[in-house]
Amino acid sequence: KESIGQYESHSAFTLPGLYRVVNGIDVFDPKFNIVSPGCDASIYFPYTETHKRLTSLHPSIQKMLFSPEQDDES
Numbered sequence: 001k002e003s004i005g006q007y008e009s010h011s012a013f014t015l016p017g018l019y020r021v022v023n024g025i026d027v028f029d030p031k032f033n034i035v036s037p038g039c040d041a042s043i044y045f046p047y048t049e050t051h052k053r054l055t056s057l058h059p060s061i062q063k064m065l066f067s068p069e070q071d072d073e074s
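Set out below in structure tokens:
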């Protein structure tokens, strides 16, 4: 089957100076869930395998994402 492209779920049209996306992309579509051959299977695994998640890192990740403090390491 031929499709119109990777983002066929986009229903886009243009107006002068305006780009409008009506539907958007379904990120849960299997075509967006492809891991490259040769990747490390211990890092890239299905979300259903919750026992492989590094839950000990969750607090530090949440702090980095949601803390109002910023480091000057740029």
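In case it helps, UniProt numbering puts the sequence shown at residues 1 to 74. Where a beta carbon is used, it is the ideal one built from N, C-alpha and C, also for glycine. In this text the structure is predicted, and so the values were computed from the model without any measurement.
Whole angstroms are fine: how far does the CA of Ile-43 sit from the CA of Pro-68?
Along the sequence shown, one-based indexing puts residue 68 at 68. Along the sequence shown, one-based indexing puts residue 43 at 43. One C-alpha to the other measures close to 29 Å.
Nearest-angstrom Cα separation, counted from Gly-38 out to Thr-55
By 1-based counting over the sequence shown, the position of residue 55 is 55. By 1-based counting over the sequence shown, the position of residue 38 is 38. Straight-line Cα distance between these residues: approximately 25 Å.
| Can you list, in chain order, the residues of its chain whose CB lies under 6 Å from that of Pro-46, leaving out five sequence neighbours each side? | In the sequence shown, counting from the first residue as 1, residue 46 sits at position 46. Taken in chain order, the list of residues that qualify is empty.
>> Cutting at 7 Å between CB atoms, please list the residues of its own chain near Val-35, excluding the five before and the five after it.
In response: Here residue 35 corresponds to residue number 35 of the sequence shown, with the count starting at 1. If we look at Val-35 and ignore the five residues flanking it on each side, its Cβ neighbours are Tyr-44.
- Message: Taking only three categories from DSSP, how would you classify Pro-37?
- Response: Numbered from its first residue, the sequence shown carries residue 37 at position 37. Correct three-state label for Pro-37: coil.
Between the alpha carbons of Pro-30 and Asp-40, how many angstroms are there, rounded?
Position 30 of the sequence shown, counting from 1, holds the residue named residue 30. Position 40 of the sequence shown, counting from 1, holds the residue named residue 40. Taking the straight line joining both Cα atoms gives about 19 Å.
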